[in-house]
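Asks: The sequence shown begins at 1 in full-length UniProt numbering and counts up by one.
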Amino acid sequence: MKRGFLGHSKKEPPDSRTILDENGMLKDEEGRTRNSAGQLINAQGAVIYDVIAVAEMNDFDLSREWYDWVGQDPFQGLPHQDPRNHIEELDDLVSRSEQNEVSEHHMLCKIFPYSISGDAFS
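1) Quick check on DSSP: helix, strand or coil for residue 131?
2) LEU90 lies in the beta strand (DSSP E); which residues open and close that run?
3) Using only the alpha-carbon positions, how far apart do ASN85 and GLU104 sit?
4) So ASP119 and GLN76 are supposed to be a Cβ contact under 8 Å. How far apart are they, rounded?
5) Alpha carbon to alpha carbon, how far is SER95 from VAL70? Give it in angstroms, no decimals.
6) Determine the direct distance from the alpha carbon of LEU78 to that of LEU6, and round the result to whole angstroms.
7) Quick check: the Cα distance between LEU90 and ILE111, rounded to an integer number of angstroms?
8) In the DSSP assignment, find the alpha helix (DSSP H) that holds ARG64 and state where it starts and stops.
9) Of all the options LEU26, LYS27, MET107 and ILE19, which has the alpha carbon lying nearest to the alpha carbon of TRP66?
10) Could you please give me the residues that DSSP links to PHE75 through a beta bridge?
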């Protein structure tokens, strides 16, 4: 296996190392596949975005109705509430919307903090 310098990102120090495996794929020290730019990728080669970095991007604005809608019945972490259902409902909402050039992941990360309250928020 060859080792090579890949560079750095916010999550990794500049001296991060990658390994070129027997299939010619770049792997980080934890065995995760990376592209030549150092981004984490899935089996199909699509970039897996860092959720925190996506949420911090601020290159579009959602209408006030989005924030009002997700805040009407927030997830509070109560015993009768299922967090998977909450995520599914948000995902359905986002997938039905039309936002030009904005990924569904970005929109979901943007509205998620407004959809929770109480113990679920802390």
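The beta-carbon is built from N, C-alpha and C at its ideal position, and this holds for glycine as well.
All values reported here derive from a predicted model rather than from experimental measurement.
Replies: Let me spell this out:
1) Missing from the structure shown is residue 131; the chain here goes from 1 to 122 and no further.
2) That residue, LEU90, is in no beta strand (DSSP E); its alpha helix (DSSP H) goes 83-96.
3) In this model, ASN85 and GLU104 are separated by some 17 Å (Cα to Cα).
4) At roughly 6 Å, the Cβ-Cβ gap stays under 8 Å, so ASP119 and GLN76 are in contact.
5) Cα to Cα, the separation comes out at about 14 Å.
6) Unreliable positioning characterises LEU6 in this predicted model, as indicated by a pLDDT of 38, which lies under 50. The coordinate reading is nonetheless provided below. Straight-line Cα distance between these residues: approximately 44 Å.
7) For LEU90 and ILE111, the distance between alpha carbons rounds to 8 Å.
8) Note, ARG64: alpha helix (DSSP H), 64-72.
9) The shortest CA-to-CA distance from TRP66 to any of LEU26, LYS27, MET107 and ILE19 is the one to MET107.
10) According to the DSSP secondary-structure assignment, PHE75 is paired through a beta bridge with ILE116.
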